[in-house]
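> From first to last, the protein sequence lines are chains V and B. Taking our numbering, the leading residue of the first sequence gets 387, the next gets one more, and so forth. Taking our numbering, the leading residue of the second sequence gets 387, the next gets one more, and so forth. What follows is a structure written as structure tokens; I'll ask about it next.
Number of protein chains: 2
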Amino acid sequence: MEGHNTKLSKQRELVLQIVRSTKMHPTAEDVYYKAKKTMPRISMGTVYRNLRLLSKMGRIKEINFPDSPTRFDGDMRDHYHIRCSECGRIEDISHFSPRAAVDEIEKLTMYQIHTVHIKYEGICPECQKKSKIS
Amino acid sequence: MEGHNTKLSKQRELVLQIVRSTKMHPTAEDVYYKAKKTMPRISMGTVYRNLRLLSKMGRIKEINFPDSPTRFDGDMRDHYHIRCSECGRIEDISHFSPRAAVDEIEKLTMYQIHTVHIKYEGICPECQKKSKIS
DNA sequence: TTAATAATAGGAACTATTACTAATTTACTC
DNA sequence: GAGTAAATTAGTAATAGTTCCTATTATTAA
Chain V
387 MEGHNTKLSK
397 QRELVLQIVR
407 STKMHPTAED
417 VYYKAKKTMP
427 RISMGTVYRN
437 LRLLSKMGRI
447 KEINFPDSPT
457 RFDGDMRDHY
467 HIRCSECGRI
477 EDISHFSPRA
487 AVDEIEKLTM
497 YQIHTVHIKY
507 EGICPECQKK
517 SKIS
Chain B
387 MEGHNTKLSK
397 QRELVLQIVR
407 STKMHPTAED
417 VYYKAKKTMP
427 RISMGTVYRN
437 LRLLSKMGRI
447 KEINFPDSPT
457 RFDGDMRDHY
467 HIRCSECGRI
477 EDISHFSPRA
487 AVDEIEKLTM
497 YQIHTVHIKY
507 EGICPECQKK
517 SKIS
């Protein structure tokens, strides 16, 4: 996997810059239309491929909420997200650790929270064994 | 929205029972094939529609991880999920509050955790206003 | 029992995403 | 710098997951 200093193709650079320069948590489509303003011939496939790669490179984050397309976030600092189940907007939550009580987050954001999703991702014991062997 | 005591159609009842009777966090497809064993003529559309409805009724939960189809969980008790990024399996985490340190969860599960997703869902201030007016 | 309502099976349609391919760009070597 | 290999692209076709549509069937209420 390429490091943070690897030179990126023009298209990849543009995609990264677009995702980084907004707090709107854009979808792939959003990124595509913004990119077209600078590079009218860029293709959707290129946008998707680069979003995927940048995400694997650890330079942007994917945000998946149910029933909506994947969104992307260029802010790699530790923070969480809150979505309005009515209008679908996604906003950042900062300055609070995951330990913050839901009450506190409600006060901070003025949202009426009804669901908390907490998910961990990692490598399970069996797969850890497998990768040691191979 | 119907309550917990509303009588469900046979198909809806079956879908609910299948999701409840496993800890495998099945996909819609999984549910469909299990359902066919009891009701060979049940259709995919029916399975999807009922999963969606049951989820909206608050009788089952949806689990969305990136790059994989939606999974369903009939266990409505407070608990969290952990996915292996290698093999994709999803397991439950119980007995720990969201406050549990990642370290503790690693010890408990033997996973090597590399990502924590925390998401809140609720209704934003603007939408709260809107629903008061209408 | 009839009329209204809800739910179904089956299949078509849709949306988000990925895969394919020929052409282009970039990087590497002499 | 020219030649060659490797990476990336644009454009398009294909796919997977999910939702929608329609005619039919089941359920409920009067």
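We treat Cβ as the ideally placed atom computed from N, Cα and C, and that holds for glycine.
To which residues does DSSP link B:Gly508 through a beta bridge?
V:Cys470, V:Ile499, per the DSSP bridge assignment.
> Going along the chain, which residues of the region 494-510 of chain V sit with their C-beta nearer than 7 Å to a C-beta in chain B?
Of all residues in the region 494-510 of chain V, Met496, Tyr497, Gln498, Ile499, His500, Thr501, Val502, His503, Ile504, Lys505, Tyr506, Glu507, Gly508, Ile509, Cys510 have a Cβ within less than 7 Å of some Cβ in chain B.
> What does the Cβ neighbour count give for V:His500, buried or exposed, with the cut at 16 atoms within 10 Å?
Burial call: exposed.
> Report the partner residues of B:Phe458 according to the DSSP bridge assignment.
B:Glu448, per the DSSP bridge assignment.
> Can you give me the C-alpha to C-alpha distance between V:Ser520 and V:Gln514, rounded to a whole angstrom?
Bear in mind that the predicted position of V:Ser520 carries a pLDDT of just 49, short of 50, making it unreliable; the figure below should be weighed with that in mind. Between V:Ser520 and V:Gln514, the C-alpha separation is close to 10 Å.
> State the beta-bridge partners of B:Ile479 as determined by DSSP.
The partner list for B:Ile479 (beta bridge, DSSP) reads B:Tyr466.
> Run through chain B and tell me which residues come within less than 8 Å of V:Ile491, C-beta to C-beta.
Here the neighbours are Tyr506.
> Can you tell me whether B:Cys473 is buried or exposed, with buried defined as 16 or more other CB within 10 angstroms of its CB?
By the neighbour-count rule (16 or more Cβ atoms within 10 Å), B:Cys473 is not buried but exposed.
> Could you give the distance in angstroms between the alpha-carbon of V:Arg528 and the alpha-carbon of V:Asp459?
The displayed coordinates of chain V run from 387 to 520. Any statement about residue 528 of chain V would go beyond what the structure contains.
> Please classify V:Thr424: is it buried, with 16 or more other beta-carbons within 10 angstroms of its beta-carbon, or exposed?
Answer is exposed; the Cβ neighbour count stays below 16.
> Please work out which residues of its chain come closer than 8 Å, Cβ to Cβ, to V:Val417, disregarding the five sequence neighbours upstream and downstream, and give them in chain order.
Correct list, in chain order: Val401, Ile404, Val405, Val433, Leu437, Phe458.
> Can you tell me whether DSSP reads V:Thr408 as helix, strand or coil?
It is coil, neither helix nor strand.
> What residue range is occupied by the uninterrupted alpha helix (DSSP H) comprising B:Leu439?
430-442 is the span of the alpha helix (DSSP H), which, as asked, contains B:Leu439.
> When you compare only the Cα positions, how much space is there between V:Ile446 and B:Pro426?
Near 45 Å, if we compare the C-alpha coordinates of B:Pro426 and V:Ile446.
> What whole-angstrom Cβ distance do V:Ile509 and B:Ser471 have, given they're in contact under 8 Å?
Confirmed, about 6 Å.
> Checking the sheet assignment: what are the DSSP bridge partners for B:Thr413?
In DSSP, B:Thr413 forms a bridge with B:Arg457.
> So, helix, strand or coil for V:Leu394, using DSSP?
Of the three classes helix, strand and coil, the one that applies to V:Leu394 here is coil, per DSSP.
> Let me confirm a value: B:Pro455 is counted as buried when at least 16 other C-beta atoms fall within 10 Å, else exposed. Which label applies?
The residue is exposed, with fewer than 16 neighbouring Cβ atoms inside 10 Å.
> Please report the Cβ distance between V:Phe451 and V:Arg463, rounded to the nearest whole angstrom; I am assuming they are in contact, meaning their Cβ atoms lie under 8 Å.
Contact doesn't hold; Cβ gap of about 20 Å is too wide.
> Assign V:Ala421 to buried or exposed, taking buried as 16 or more other Cβ atoms, counted over all protein chains shown, within 10 Å of its Cβ.
Result: buried.
> May I ask you to report which of helix, strand or coil DSSP gives V:Ala421?
V:Ala421: helix per DSSP, three-state reduction.
> Mark V:Tyr466 as exposed unless 16 or more other C-beta atoms lie within 10 angstroms of its C-beta, in which case mark it buried.
Buried: at least 16 other Cβ atoms inside 10 Å.
> Taking only beta carbons into account, state which residues of the region 426-454 of chain B come closer than 7 Å to chain V, listed in chain order.
Residues passing the 7 Å Cβ filter: Glu448, Asn450, Phe451, Pro452.
> Using the Cβ count rule (16 or more neighbours within 10 Å means buried), how would you classify V:Tyr419?
Exposed is the call here.
> Distance check for B:Ser441 and V:Asp453, CA to CA, integer angstroms please.
The straight-line gap from Cα to Cα measures roughly 12 Å.
> With distances taken from CA atoms, which of B:Val502, B:Lys516, B:Lys393, B:Tyr506 is nearest B:Met443?
Measuring from the Cα of B:Met443, the nearest candidate turns out to be B:Lys393.
> Determine the chain V residues that contact B:Ser471 at a beta-carbon separation under 8 Å, and present them in chain order.
Those are Glu507, Gly508, Ile509, listed as they occur along chain V.
> Rank V:Met430, V:Ser429, V:Asp461, V:Glu492 by C-alpha distance to the C-alpha of V:Met410 and give the top, closest one.
When each option's Cα is compared against that of V:Met410, the closest is V:Asp461.
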